[in-house]
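J.: When the letters of the sequence shown are read in order and numbered with mature numbering (1 follows the signal peptide of the UniProt record, and there is no 0), they come out as residues -24 to -1, 1 to 131. Where is the CB? At the ideal position from N, CA and C, for every residue including glycine. Since this is a predicted model, take the numbers as computed values, not measurements.
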Amino acid sequence: MNKKNILLSVAALLGLSLAISSCGNDENPTISSTTTRFGATLTGLGEKPTSTTSTATGTFVGNLDETTRVLSYTVTYAGFNEALTGGHLHRIDSTKTDGTGPVDIPFPSLTSPIIGSTSALSPLQVYRIKAGQYYANLHTKTYPGGEIRGEVRKQ
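1. In or out: T116 buried (at least 16 other Cβ within 10 Å) or exposed?
2. Let me check one thing: in DSSP terms, what residues is S93 bridge-paired to?
3. Quick one: residues in its chain with C-beta nearer than 8 Å to the C-beta of P25, no 5 flanking neighbours on either side, listed in chain order?
4. Hey, is the region 86 to 100 in contact with the region 7 to 18, meaning 3+ C-beta pairs nearer than 8 Å?
5. Given this structure, state the Cα-to-Cα distance separating I124 from S95, to the nearest angstrom.
6. Output the boundary residues of the alpha helix (DSSP H) element that contains P99.
7. Assuming L18 contacts T33 under a Cβ cut-off of 8 Å, what Cβ separation, rounded to an integer in Å, is found between them?
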């Protein structure tokens, strides 16, 4: 082989290897996920608009996957004198001055530990939970408006 053919062959191989190495895995791109952790401590003193004298306590721990917008959470509690009648996340209504609001995310059970996850939250729900506009609330017959409550905050 003459020198010219060798140089052309080397150039062709370099070009081919560069073309192959620049190809990414376009069919299976890597998606990185960001998780934001939330928490709340539930007490009777935290209830609004009026606190309760309940000695029950609870915790809410949640992880929001910002890619899928799914909130996975665990709620634990102890010290209730009667069975729960409800449990959920409320969205604080900014038009009210008492810090209360409608139920937005019901819990799937009332037995501690309550373990659940949402379907994909709306972008507005994600904004609101990150802005501290949600609270966890557990209700009983004695306290139908809520026996213990905790403000959900970024950890």
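T.: So, from the listed chains and residues:
1. buried
2. S48
3. D74, G75 and T76
4. no
5. 25 Å
6. P99 to K106
7. 6 Å
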